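**Student:** Chains E and B are the protein sequences, given in the same order.
Under this note's numbering, the letters of the first sequence match residues 4 to 170, in that order.
Under this note's numbering, the letters of the second sequence match residues 4 to 170, in that order.
Number of protein chains: 2
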Amino acid sequence: MTTPGVAERAGLPHGAVSYHFRGKQELLIESALHSFADALPEETFARMTSLDDMLGLIRAEHGDPEAIDSVVSRLMMETLREAERDPALRDRMSRLMGHYRALIADLVRREQEQGHVSGEIPPDGFATLLAAVGDGLLLHALLDPDLDAPGALEALDVLVRSSYEPA
Amino acid sequence: MTTPGVAERAGLPHGAVSYHFRGKQELLIESALHSFADALPEETFARMTSLDDMLGLIRAEHGDPEAIDSVVSRLMMETLREAERDPALRDRMSRLMGHYRALIADLVRREQEQGHVSGEIPPDGFATLLAAVGDGLLLHALLDPDLDAPGALEALDVLVRSSYEPA
Numbered sequence: 004m005t006t007p008g009v010a011e012r013a014g015l016p017h018g019a020v021s022y023h024f025r026g027k028q029e030l031l032i033e034s035a036l037h038s039f040a041d042a043l044p045e046e047t048f049a050r051m052t053s054l055d056d057m058l059g060l061i062r063a064e065h066g067d068p069e070a071i072d073s074v075v076s077r078l079m080m081e082t083l084r085e086a087e088r089d090p091a092l093r094d095r096m097s098r099l100m101g102h103y104r105a106l107i108a109d110l111v112r113r114e115q116e117q118g119h120v121s122g123e124i125p126p127d128g129f130a131t132l133l134a135a136v137g138d139g140l141l142l143h144a145l146l147d148p149d150l151d152a153p154g155a156l157e158a159l160d161v162l163v164r165s166s167y168e169p170a
Numbered sequence: 004m005t006t007p008g009v010a011e012r013a014g015l016p017h018g019a020v021s022y023h024f025r026g027k028q029e030l031l032i033e034s035a036l037h038s039f040a041d042a043l044p045e046e047t048f049a050r051m052t053s054l055d056d057m058l059g060l061i062r063a064e065h066g067d068p069e070a071i072d073s074v075v076s077r078l079m080m081e082t083l084r085e086a087e088r089d090p091a092l093r094d095r096m097s098r099l100m101g102h103y104r105a106l107i108a109d110l111v112r113r114e115q116e117q118g119h120v121s122g123e124i125p126p127d128g129f130a131t132l133l134a135a136v137g138d139g140l141l142l143h144a145l146l147d148p149d150l151d152a153p154g155a156l157e158a159l160d161v162l163v164r165s166s167y168e169p170a
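(1) Step through the CB atoms of chain E and report whether any lies within less than 8 angstroms of the CB of alanine 170/B.
(2) To which residues of the same chain is leucine 159/E closer than 8 angstroms at the C-beta, ignoring the five residues directly before and after it?
(3) Just confirm the distance between the C-beta atoms of leucine 78/B and glutamate 85/B, as a whole number of angstroms; I'd bet it's less than 8 angstroms.
(4) Under the three-state reduction of DSSP, which class applies to valine 161/E: helix, strand or coil?
(5) Can you look up isoleucine 124/B in the DSSP assignment and give me helix, strand or coil?
(6) Would you call leucine 15/E buried or exposed, if buried means 16 or more other Cβ atoms sit within 10 Å of its Cβ?
(7) Return the residues of the segment 81-111 of chain E that lie within a Cβ-Cβ distance of less than 8 angstroms from chain B, sorted by chain order.
(8) Which ranges would you report for the alpha helix (DSSP H) in the segment 27-55 of chain E if only whole runs of at least 4 residues count?
(9) Tell me whether alanine 40/B is buried or exposed, calling it buried when 16 or more other Cβ atoms sit within 10 Å of its Cβ.
(10) At a Cβ cut of 9 angstroms, what residues of the segment 119-139 of chain E count as close to chain B, listed as they run along the chain?
(11) What residues from chain E crowd round valine 75/B, counting only those whose CB sits closer than 8 angstroms?
(12) Expressed to the nearest angstrom, what Euclidean distance is found between the alpha-carbon atoms of glycine 118/B and histidine 119/E?
(13) If glycine 128/B sits next to glycine 154/E, beta carbons under 8 angstroms apart, how far is it from one beta carbon to the other, in whole angstroms?
(14) Here's a check: name, in chain order, each residue in its chain whose Cβ is nearer than 6 angstroms to the Cβ of leucine 83/B, leaving out the five neighbours to either side.
(15) Using the C-alpha atoms, what's the distance from histidine 143/B back to histidine 65/B?
(16) Buried or exposed, going by whether 16 or more other CB atoms sit within 10 Å of the CB of proline 7/B?
(17) So what's aspartate 109/E in DSSP terms, helix, strand or just coil?
(18) How many Å lie between serine 76/E and threonine 47/B at the Cα?
(19) Tell me the rounded alpha-carbon separation between leucine 162/E and glutamate 116/B.
(20) Is it right to say glutamate 45/B is buried, meaning 16 or more other beta carbons lie within 10 angstroms of its own, or is it exposed?
(21) Please confirm whether alanine 40/B has its beta-carbon closer than 8 angstroms to some beta-carbon of chain E.
(22) With DSSP as the reference, label proline 16/E as helix, strand or coil.
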């Protein structure tokens with residue numbers, strides 16, 4: 004679709020769209036990032052009070068294979084591919100990911116303070132691990148609709164629970 | 004590149020290539036799968052005797068950012084994108100992934116028998132988790148060269164070790 008086409012669909016004069024965005028590439032970047040933020044709202048992350056909430060969020064994505072939003076998934080693939088060639092997009096994506104990881108690391112620290120997660124686990128490393136688990140499972144589920152993502156999350160759950168035995 | 008182009012570069016008559024592969028698409032699928040198998044040889048998996056070996060394999064991919072083979076990574080992205088539209092490729096990819104997961108699950112069972120991994124962890128789920136961690140970290144490292152993958156693997160290592168306290 005062309006920039007004038009986007010303007011027409013949005014019911015805006017072409018100038019409004021081309022003034023706001025420097026071109027089609029920038030428009031695509033903004034809409035992709037907007038869709039990611041929509042699919043994974045920051046408020047949902049901020050509301051999480053436990054690691055169980057976080058695992059529940061990943062689990063919900065996989066509970067029903069139909070629930071994996073194919074538009075968002077395809078957008079993710081296209082954006083990743085585009086990010087390979089576009090340093091500006093890559094930079095925006097890595098900052099967005101870093102932001103989510105920081106929210107997860109805060110959650111891990113709170114869980115450690117409350118004694119639900121072993122204090123030996125580095126919180127930032129654990130946040131990086133959880134983000135990789137979420138996207139890695141999503142990636143594999145796109146290739147294999149029968150992927151046993153709930154089994155993977157159960158394994159993670161057992162690991163976390165059994166690593167912390169309150170004295 | 005065209006099929007005759009491939010034949011010319013390989014020093015083969017065009018007929019030899021077009022007889023063996025039904026078309027460009029099939030040729031691309033075969034070469035992509037061949038590259039994955041090369042990047043992650045089955046023998047390496049079969050040789051692994053411990054979970055430490057498995058984590059070491061993922062760690063080695065991330066130890067040196069230069070070591071992440073950009074050709075294989077880009078091929079992975081293109082293949083994933085292509086797999087979205089090509090059920091035959093998706094099927095081949097999911098069977099290949101299932102094969103690696105089965106090898107990892109066998110390793111987990113051996114580690115459980117030797118008492119290095121808690122028997123409470125479902126081996127198949129753990130294999131799915133480890134495969135997702137490996138590819139999820141790779142995906143995120145492609146977007147963010149400063150990704151703390153070693154920190155994530157350390158967190159996983161602490162989880163696994165502390166979940167099993169020999170009596």
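A virtual CB, placed ideally from N, CA and C, is assigned to each residue, including glycine.
In this text, all values refer to a predicted model and were calculated from it rather than measured experimentally.
**Tutor:** Let me lay it out:
(1) Position 167 of the second sequence, counting from 1, holds the residue named residue 170/B. In this prediction, alanine 170/B has a pLDDT of 43, which is less than 50 and means its spatial position is unreliable; nothing more can be read from the coordinates.
(2) For the purposes of this step, residue 159/E is identified with residue 156 of the first sequence, where counting begins at 1. If we look at leucine 159/E and ignore the five residues flanking it on each side, its Cβ neighbours are Leu58 and Val136.
(3) Locating residue 78/B in the second sequence gives position 75, counting from the first residue. Locating residue 85/B in the second sequence gives position 82, counting from the first residue. No, leucine 78/B and glutamate 85/B are not in contact; Cβ-Cβ is about 10 angstroms, not under 8 angstroms.
(4) Against the first sequence, residue 161/E aligns to sequence position 158. Three-state result, valine 161/E: helix.
(5) Stepping through the second sequence from its first residue, residue 124/B is reached at position 121. It is coil, neither helix nor strand.
(6) Numbered from its first residue, the first sequence carries residue 15/E at position 12. Exposed, because fewer than 16 other Cβ atoms sit within 10 Å of the Cβ of leucine 15/E.
(7) Glu81, Leu83, Arg84, Ala86, Glu87, Arg93, Met96, Ser97, Met100 and Gly101
(8) 27-42 and 45-50
(9) Reading the second sequence from its first residue, position 37 is the one you call residue 40/B. Answer is exposed; the Cβ neighbour count stays below 16.
(10) Ser121, Glu123, Ile124, Pro125, Pro126, Asp127, Gly128, Phe129, Ala130, Thr131, Leu132, Leu133, Ala134, Ala135, Val136, Gly137, Asp138 and Gly139
(11) Taking the first residue of the second sequence as position 1, residue 75/B is located at position 72. The contacting residues do not exist; valine 75/B stays about 13 angstroms from chain E at best.
(12) Working through the second sequence from its first residue, we reach residue 118/B at position 115. Working through the first sequence from its first residue, we reach residue 119/E at position 116. Glycine 118/B and histidine 119/E: Cα-Cα distance of roughly 25 angstroms.
(13) Your numbering for residue 128/B matches position 125 in the second sequence. Your numbering for residue 154/E matches position 151 in the first sequence. Yes, glycine 128/B and glycine 154/E are in contact; Cβ-Cβ is about 3 angstroms, under 8 angstroms.
(14) Along the second sequence, read from residue 1 onward, the residue named residue 83/B stands at position 80. Same-chain partners within the cutoff: there are none.
(15) One-based indexing of the second sequence puts residue 65/B at position 62. One-based indexing of the second sequence puts residue 143/B at position 140. Cα to Cα, histidine 65/B sits roughly 11 angstroms from histidine 143/B.
(16) Here residue 7/B refers to the residue found at position 4 of the second sequence. With fewer than 16 Cβ atoms within 10 Å of its Cβ, proline 7/B is classed as exposed.
(17) Taking the first sequence and counting its residues from 1, the one referred to as residue 109/E is at position 106. In this structure, aspartate 109/E counts as helix in the three-state DSSP scheme.
(18) Counting from one through the first sequence, the residue named residue 76/E turns up at place 73. Counting from one through the second sequence, the residue named residue 47/B turns up at place 44. Near 31 angstroms, if we compare the C-alpha coordinates of threonine 47/B and serine 76/E.
(19) As a first step, residue 162/E is located in the first sequence; it is residue number 159 there, counting from the start. As a first step, residue 116/B is located in the second sequence; it is residue number 113 there, counting from the start. Their backbone Cα atoms lie some 17 angstroms apart in a straight line.
(20) Start at 1 with the first residue of the second sequence, and residue 45/B comes out as number 42. Label assigned to glutamate 45/B: exposed.
(21) As a working mapping, residue 40/B is identified with position 37 in the second sequence. It does not: the Cβ of alanine 40/B has no partner Cβ on chain E nearer than 8 angstroms.
(22) Here the question's residue 16/E lines up with position 13 in the first sequence. Note: proline 16/E maps to coil in three-state DSSP.
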